[in-house]
Structure formats: structure tokens, C-alpha cells
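Student:
Residue numbers (this note's numbering): -10 to 433.
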């Protein structure tokens, strides 16, 4: 790379190998990259200049938002990384409208909204970036009451592959706006998101631990309670293996949206009757306090899977319990949905599988030298559950793009996304993601 080429970036802050902060800015949750250059823009015009630079010089281009990319897409080797961490402003506008920079994290958003008694149903992890989570979905602690994070998006400013900067909403660039909500980073770089926040003066949240008794019985009871629960109550069922210094077993993590202790107690009480309770940390707190930090497991080989279940019926539960009884080193996490998540029409956004009752997530941890047969046995158990399941949530997947993308979208949704991609990014500049390849398709 020559000095002349770097001059094309103007006054934009750049980092080269060996510079201070290069390592942080080129590293994401699951991968340490070695890009030729990291660009740190401070406004949308500098983002556009960086896009032009990468495109014109034929660099691989990655976009780093919060740096949480499970698939490692936020960095690369030998290319350009656009690090959005300096675009992290959070502005509370009128009537609960909040504008958030593309490099902000959800923990910062929750903290900024706390004094306004506002919240956006985001993910459950404070260090996750606003951009990646929103563009891919966004399951949070109010998904049953307000839907996904992307369901609360009302507008976005986007830098396209040709360097143009546009506004996308329901009326302007409507096809792009549709594709952004579930299509990931395939269509451009979002420099700012405008959300509709919701009044929230506190939550009642925590975890209820149970004796490790019959998993199937506990799952059926949890499902039955949630089918009757108010939408203000969100829960996740978690089965953890035992690790040195930590006792595993089943627990239900709960979040009741609001500071009405009486209503919260009434909603949560049926969960306490599901089995022998060994621990209970449920208490009133602020929403910002329940967003946890993410930690990558060290020194282990991790394999993960996820899929939706349209109906969490007894047959699914029985088979699930049978599989996990044979894989004691695996984690099982099930997020209960329905409510506002289901009420969004399936073609209203690019996020598919709106008919789902639950999202089932699994991860297994092995020593680095574990035989491939052990990993294959775990994967075989998961694969045996697939007749009960559908789709894939891309934000939780570490599968390669060629495997993940066809699972994430039904054929009609994928065809429409490919058509938008062909119009806006025909040469697939934005390909460091669960990639949607440009293809001229008459999806209508």
C-alpha cells in the first residue's frame, strides 16, 4: 500500500499493524484478525470514503460494530476493517424516539436511557453492538411485549456499496429498509439507527434454580406456564453442565418488565411451583443492570447449534430431554417467544420464522484435543432433533455462510433479499457476513 492510496482517506483516523489500538480494533469476540488497515471514521462521510477506498483498491471489507461477531466477520486478514467505535452517540429525541450511532453497544444504550425511564428491547448482553444485533434480529428481555430489536427500528442512515449515503424507512428506500431488518450487513453500513423506545421504570429479574430432576417434566411445566403468562414476563430455560467450582443443573431466568411488584409476583409465582427450588435471585432492579457481559470460553473447543420450533409440543420436549441426557457437557438454552414476536406479519421484515414458539440453542464444550468422534456424537444428537425444528438464528450461529444462509431464510424471503442485493451491491462488496449473494430474481 502506498502513501498516495492512504491519502485517499483524507483526515480519517487509520491504524496500521504495530500502531497503538490496532490489536483491539482488529479483534472481535471469536477471532483476532490481521487487516492491512483499520479505519476509524467519525461521521458518515468518512465511512463513505472508507467504502470507496476499499472498493476501488479491491480490498476485502469488514465492518466492526461492537466486536461481538460470533462468526468472526468483523475482522479479516489483509483487508480493510471499518471500526465504527467512534460513531457511538446516543440521542434521546421527542416522544421516545432514540437515535443511536452504529458503533454503540447495548449496555451504553441502556445506561443512557435509564434516567429517561426508557428502554429498547435489545439483546441480553451489554457488550454486544447495536448494529450487528439489530440487523440480524435482536432477542431481548422484552421480545414478547415489543418484539425484536429490529421491530423497533423506524429509520436508518446507510452507506451503500457505491459510497452513496441514504435514509431508509417505511417510505424512503423501503426495499432497503425491509432488507436491513433481518438481512444483516449485506446491503450497506448503517451509521445511525433510529428506534422507538418504550417506557420502562424498572424490571423484576433474576434466576430460579431447581434440583436437577426430570428435564422433560420441568420443560413441559415451564412451557405450560409461559403459554398463559402475561407478555410482560419473558423467560429463558437454561440447563448448564457442571464445571469445576460451579454446580450445573436447570434454571429459569426471568424478566418482568415494570416496577409493579404485585403484578410481577403473580406472573412469576407459577414458575416457583415447577420443582424443588434450590436458589432464587429474582429481585427488582434496573433494566441496564440485567445486561451481562460476554465472555469467550478459554481453552476449549466449542460447537453450537440453534433452531426454532413452531410448536414446543410434548414430542419435541421428550426427544430434546433424551438427547441432552446423553451429552452432559452441553448447554441447553430455550427462549420462549410468542406475543409481539408472533404478531409481526412474516413478510413485513426479512426476519423469518415468526410462527415460532421457542428458540432452542445448544453449545457443547470439549478439550482442544477431544477426538472428532466425541464432537460427531454431540452433533448427531442435535441433528436427530431437526425434524421438530425449523430455520436458524444467524446472530447465534458460527456456521459458515454457505451453510447458514439457506437455513436462515425461507426460499421466498431469500429470493427477495437476493434481488435487493443485486440492485444495491451487485459486486458483493459487503460479503463478510452470512452472505446473501446478488442474483437477479423476480421475487414478486
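Where is the CB? At the ideal position from N, CA and C, for every residue including glycine.
Looking at the ligand ATP, does it come within less than 7 Å of residue 354, judged from the CB to the closest heavy atom?
Tutor: The ligand ATP is not among the ligands present in this structure, which contains no ligands whatsoever.
Student: So what's residue 307 in DSSP terms, helix, strand or just coil?
Tutor: Your numbering for residue 307 matches position 318 in the chain shown. In this structure, residue 307 counts as helix in the three-state DSSP scheme.
Student: From residue 84 to residue 189, what does the alpha carbon distance come to, in whole angstroms?
Tutor: The residue you call residue 84 lines up with position 95 of the chain shown. The residue you call residue 189 lines up with position 200 of the chain shown. Going by the C-alpha atoms only, they are around 14 Å apart.
Student: Between the beta-carbon of residue 268 and the beta-carbon of residue 202, is there less than 8 Å?
Tutor: Within the chain shown, numbered from 1, the residue matching residue 268 stands at position 279. Within the chain shown, numbered from 1, the residue matching residue 202 stands at position 213. Not in contact: residue 268 and residue 202 (Cβ atoms no closer than 8 Å).
Student: I'd like the list of long-range same chain contacts for residue 279, defined as Cβ closer than 6 Å, with 5 residues on each side in sequence excluded.
Tutor: As a first step, residue 279 must be located in the chain shown, where it is residue number 290. Here the set comprises 194.
Student: In chain order, which alpha helix (DSSP H) runs of at least 4 residues are fully inside the segment 319 to 365?
Tutor: Within the segment 319 to 365, the complete alpha helix (DSSP H) runs of at least 4 residues are 329 to 332.
Student: Since residue 312 contacts residue 352 with CB under 8 Å, what's their CB separation in whole angstroms?
Tutor: For this step, residue 312 is matched to residue 323 along the chain shown. For this step, residue 352 is matched to residue 363 along the chain shown. 14 Å between Cβ atoms; not a contact.
Student: Any idea which residues DSSP pairs residue 225 with across the strands?
Tutor: Residue mapping note: residue 225 aligns to position 236 of the chain shown, counting from 1. Residue 225 is bridged to 242, 324.
Student: Just tell me which of 164, 77, 243, 407 has its CA closest to the CA of residue 426.
Tutor: For the purposes of this step, residue 426 is taken as the residue at position 437 of the chain shown. When only C-alpha atoms are compared, the closest one is 407.
Student: Let me know if residue 74 comes out buried or exposed under the rule of 16 or more other beta-carbons within 10 Å of its beta-carbon.
Tutor: Here residue 74 refers to the residue found at position 85 of the chain shown. Buried is the call here.
Student: Can we say the segment 135 to 148 touches the segment 370 to 385, given the rule of at least three CB pairs closer than 8 Å?
Tutor: Judged by Cβ distances under 8 Å, the segment 135 to 148 makes no contact with the segment 370 to 385, as fewer than three pairs qualify.
Student: Look at the alpha carbon of residue 112 and the alpha carbon of residue 368, and state the distance between them as a whole number of angstroms.
Tutor: Here residue 112 refers to the residue found at position 123 when the chain shown is read from its first residue. Here residue 368 refers to the residue found at position 379 when the chain shown is read from its first residue. Looking at the two C-alpha atoms, the distance is approximately 26 Å.
Student: Return the first residue and the last residue of the alpha helix (DSSP H) that residue 397 is part of.
Tutor: The residue given as residue 397 occupies position 408 in the chain shown. Where residue 397 is concerned, the enclosing alpha helix (DSSP H) stretches over 390 to 397.
Student: Measuring straight from C-alpha to C-alpha, what distance separates residue 243 and residue 197?
Tutor: In the chain shown, residue 243 corresponds to position 254, counting from 1. In the chain shown, residue 197 corresponds to position 208, counting from 1. Those two C-alpha atoms are separated by around 8 Å.
Student: Is the beta carbon of residue 209 sitting closer than 8 Å to the one on residue 350?
Tutor: Locating residue 209 in the chain shown gives position 220, counting from the first residue. Locating residue 350 in the chain shown gives position 361, counting from the first residue. Not in contact: residue 209 and residue 350 (Cβ atoms no closer than 8 Å).
Student: For a test of the three-state rule: what should DSSP assign to residue 215, helix, strand or coil?
Tutor: Stepping through the chain shown from its first residue, residue 215 is reached at position 226. Helix at residue 215.
Student: With a 10 Å radius around its C-beta and 16 neighbouring C-beta atoms as the bar for buried, classify residue 375 as buried or exposed.
Tutor: Translated into the one-based positions of the chain shown, residue 375 becomes position 386. So residue 375 counts as exposed.
Student: By alpha-carbon positions, which one of 109, 37, 258, 8 ends up nearest to residue 24?
Tutor: The count along the chain shown starts at 1 and reaches residue 24 at position 35. Nearest C-alpha to residue 24: 8.
Student: Helix, strand or coil, according to DSSP, for residue 185 in the structure here?
Tutor: Within the chain shown, residue 185 is the residue found at index 196, counting from 1. Residue state, collapsed to three classes: strand.
Student: Closer than 8 Å is the cut-off here; do at least three beta carbon pairs connect the segment 91 to 100 with the segment 170 to 186?
Tutor: Contact holds: three or more Cβ-Cβ distances are below 8 Å.
Student: Can you give me the C-alpha to C-alpha distance between residue 420 and residue 50, rounded to a whole angstrom?
Tutor: As a first step, residue 420 must be located in the chain shown, where it is residue number 431. As a first step, residue 50 must be located in the chain shown, where it is residue number 61. Taking the straight line joining both Cα atoms gives about 8 Å.
Student: Which of the three DSSP states, helix, strand or coil, is assigned to residue 156?
Tutor: For the purposes of this step, residue 156 is taken as residue 167 along the chain shown, with counting starting at 1. Of the three classes helix, strand and coil, the one that applies to residue 156 here is strand, per DSSP.
Student: Taking residue 140 as the reference, which of 59, 122, 29, 428 has the closest Cα?
Tutor: Taking the first residue of the chain shown as 1, we reach residue 140 at position 151. Measuring from the Cα of residue 140, the nearest candidate turns out to be 122.
Student: Quick one: residues in its chain with C-beta nearer than 6 Å to the C-beta of residue 53, no 5 flanking neighbours on either side, listed in chain order?
Tutor: Stepping through the chain shown from its first residue, residue 53 is reached at position 64. 63, 70, 72, listed in sequence order.
Student: Along the chain, where does the alpha helix (DSSP H) containing residue 102 start, and where does it finish?
Tutor: Sequence index remark: in the chain shown, residue 102 carries index 113 (1-based). Where residue 102 is concerned, the enclosing alpha helix (DSSP H) stretches over 95 to 103.
Student: What are the residues that DSSP puts in a beta bridge with residue 20?
Tutor: Walking along the chain shown from the start, residue 20 turns up at place 31. The partner list for residue 20 (beta bridge, DSSP) reads 17.
Student: Which residues bound the beta strand (DSSP E) around residue 144?
Tutor: Locating residue 144 in the chain shown gives position 155, where the first residue counts as 1. Element bounds for residue 144: 142 to 148.
Student: To which residues of the same chain is residue 277 closer than 6 Å at the C-beta, ignoring the five residues directly before and after it?
Tutor: As a position in the chain shown, residue 277 is number 288, starting the count at 1. Only 99, 100, 103 meet the Cβ criterion.
Student: Please classify residue 17 as buried or exposed, where buried requires at least 16 other C-beta atoms within 10 Å of its C-beta.
Tutor: The residue given as residue 17 occupies position 28 in the chain shown. With 16 or more Cβ atoms within 10 Å of its Cβ, residue 17 is classed as buried.
Student: Quick check on the DSSP output: the alpha helix (DSSP H) that includes residue 257 runs from which residue to which?
Tutor: For the purposes of this step, residue 257 is identified with residue 268 of the chain shown, where counting begins at 1. Per DSSP, residue 257 belongs to the alpha helix (DSSP H) from 250 to 261.
Student: CA-CA distance, residue 323 and residue 65?
Tutor: As a position in the chain shown, residue 323 is number 334, starting the count at 1. As a position in the chain shown, residue 65 is number 76, starting the count at 1. So the two alpha carbons sit approximately 32 Å from each other.
Student: Measuring only the C-alpha atoms, how far is residue 95 from residue 283?
Tutor: Taking the first residue of the chain shown as position 1, residue 95 is located at position 106. Taking the first residue of the chain shown as position 1, residue 283 is located at position 294. Distance between the alpha carbons of residue 95 and residue 283 is about 12 Å.
Student: Helix, strand or coil: how does DSSP classify residue 47 here?
Tutor: Along the chain shown, one-based indexing puts residue 47 at 58. Looking at residue 47 - three-state DSSP - the assignment turns out to be coil, as it is neither helix nor strand.
Student: Thinking residue 148 and residue 177 are a contact (beta carbons under 8 Å), I'd like their distance in whole angstroms, please.
Tutor: Along the chain shown, one-based indexing puts residue 148 at 159. Along the chain shown, one-based indexing puts residue 177 at 188. Residue 148 to residue 177, Cβ: 6 Å. Contact.
Student: Closer than 7 Å by C-beta to residue 205: which residues in its own chain qualify, once you throw out the five before and the five after it? Chain order, please.
Tutor: Along the chain shown, one-based indexing puts residue 205 at 216. Once the five neighbours on either side are set aside, the close Cβ partners of residue 205 are 306, 307, 310.
Student: Quick one: grab the DSSP three-state call for residue 368.
Tutor: What you label residue 368 is simply residue 379 of the chain shown in a count that begins at 1. The answer is helix: DSSP assigns residue 368 an H, G or I state.
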